[in-house]
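In UniProt numbering, the protein residues as written are 1 to 280.
This is the structure we're talking about:
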């Protein structure tokens, strides 16, 4: 069975969202993951990632229509202790106008009751725009630092449009393994990502902040590292979609073009899926 592949904006960080769509079509992906909501870079006065703006909407819709590419995920909507959810409404509306499928969130609130309330209210807000919500667990997200916690939250909140997004980097670095996903109710899983990484010289430093952040933005293409990607793919539901998320800041001075990097990342993802018995 083939799987849907979407190219994540961070894989071609130096490209605009319009260029992302063109590259996704060139490397034969089905979709893209775009940013519609990001904080400004500290001191820079500009977004930390390429972002789709309201002014860009007509051109984006035309590019999506002409290429047949779909928008899968919208990044990103962090839930902090002081989050004002209504401030996300415009970005969700913009994403819905792009035909997006879901919004991605991270929970940064350690107050259990308040965090659960924020997550439930965000899921309800997204539902107003026909959007699902993917909750990603990240070792540095205090409110949701593990797969177990993410599954617990989704079960507790109990919204039909809320499920967990699985990033193999975060699964690996938070002490998880593919076996932890075996037997999980498919309704609790929203999507998965594909990337790879090396063996750590000191696994005890996996969650050291500077090292973790550096790795998040400088990953290996699927098949280039040691993550158990084949095993991960094999335990996931057969219809779960995948994002190819391989930011690689080290390549900025290598002479490798964004298109070539995206092609290698997508090729690696396809090879992983093929070795797992899933053609694409």
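Quick reminder that beta carbons are idealized off the backbone N, C-alpha and C, glycines included.
{"Check": "Does the structure place the stretch 261-269 close enough to the stretch 57-71 that three or more beta carbon pairs sit under 8 Å?", "Outcome": "no"}
{"Check": "Quick one: what's residue 210 bridged to in DSSP?", "Outcome": "Its beta-bridge partners do not exist; DSSP assigns none."}
{"Check": "At a cut of 8 Å, does the stretch 186-204 reach the stretch 139-146 through at least three beta carbon pairs?", "Outcome": "no"}
{"Check": "Going by C-alpha distance, which of 87, 110, 229 and 170 is nearest residue 125?", "Outcome": "87"}
{"Check": "Once DSSP output is grouped into helix, strand and coil, what is the label at residue 32?", "Outcome": "strand"}
{"Check": "Flag this pair as yes or no: are the beta carbons of residue 92 and residue 103 separated by less than 8 Å?", "Outcome": "yes"}
{"Check": "Near residue 15, which residues of its chain fall below 6 Å by C-beta distance, leaving aside the five closest residues on each side in sequence?", "Outcome": "258"}
{"Check": "Please return the same chain residues whose Cβ sits closer than 6 Å to the Cβ of residue 159, not counting the five positions on each side in sequence.", "Outcome": "123"}
{"Check": "Counting Cβ pairs, one atom from each stretch, are 3 or more of them under 8 Å apart for the stretch 5-23 and the stretch 236-246?", "Outcome": "yes"}
{"Check": "Going by the DSSP bridge assignment, what does residue 73 pair with across the sheet?", "Outcome": "102"}
{"Check": "Among 250, 238 and 133, which residue has its Cα nearest to the Cα of residue 278?", "Outcome": "238"}
{"Check": "Alpha carbon to alpha carbon, how far is residue 175 from residue 205? Give it in angstroms, no decimals.", "Outcome": "12 Å"}
{"Check": "Output yes or no for whether 8 Å exceeds the beta carbon distance between residue 226 and residue 188.", "Outcome": "no"}
{"Check": "Exposed or buried, which one is residue 275 when buried takes at least 16 other CB atoms within 10 Å?", "Outcome": "exposed"}
{"Check": "CB residue 290 to CB residue 115, shorter than 8 Å?", "Outcome": "Residue numbering for the chain in the displayed model covers 1 to 280; residue 290 lies beyond these limits and cannot be assessed."}
{"Check": "Could you tell me whether the Cβ atoms of residue 232 and residue 145 are closer together than 8 Å?", "Outcome": "no"}
{"Check": "Specify, as a first and last residue, the run of the beta strand (DSSP E) that residue 87 falls within.", "Outcome": "Premise fails: residue 87 is in no beta strand (DSSP E) and is neither H nor E."}
{"Check": "Tell me which residues share the same chain as residue 162 and place their Cβ nearer than 6 Å to its Cβ, disregarding the 5 neighbours each side in the sequence.", "Outcome": "123, 133 and 154"}
{"Check": "Buried or exposed: which applies to residue 273, given that a residue is buried once 16 or more other Cβ atoms fall within 10 Å of its Cβ?", "Outcome": "buried"}
{"Check": "When you compare the CB positions of residue 196 and residue 220, do they come within less than 8 Å of one another, or not?", "Outcome": "yes"}
{"Check": "For a quick check, are the C-beta atoms of residue 22 and residue 67 less than 8 Å apart?", "Outcome": "yes"}
{"Check": "Quick one: grab the DSSP three-state call for residue 218.", "Outcome": "strand"}
{"Check": "Identify the continuous alpha helix (DSSP H) that holds residue 156 and give its terminal residues.", "Outcome": "147-157"}
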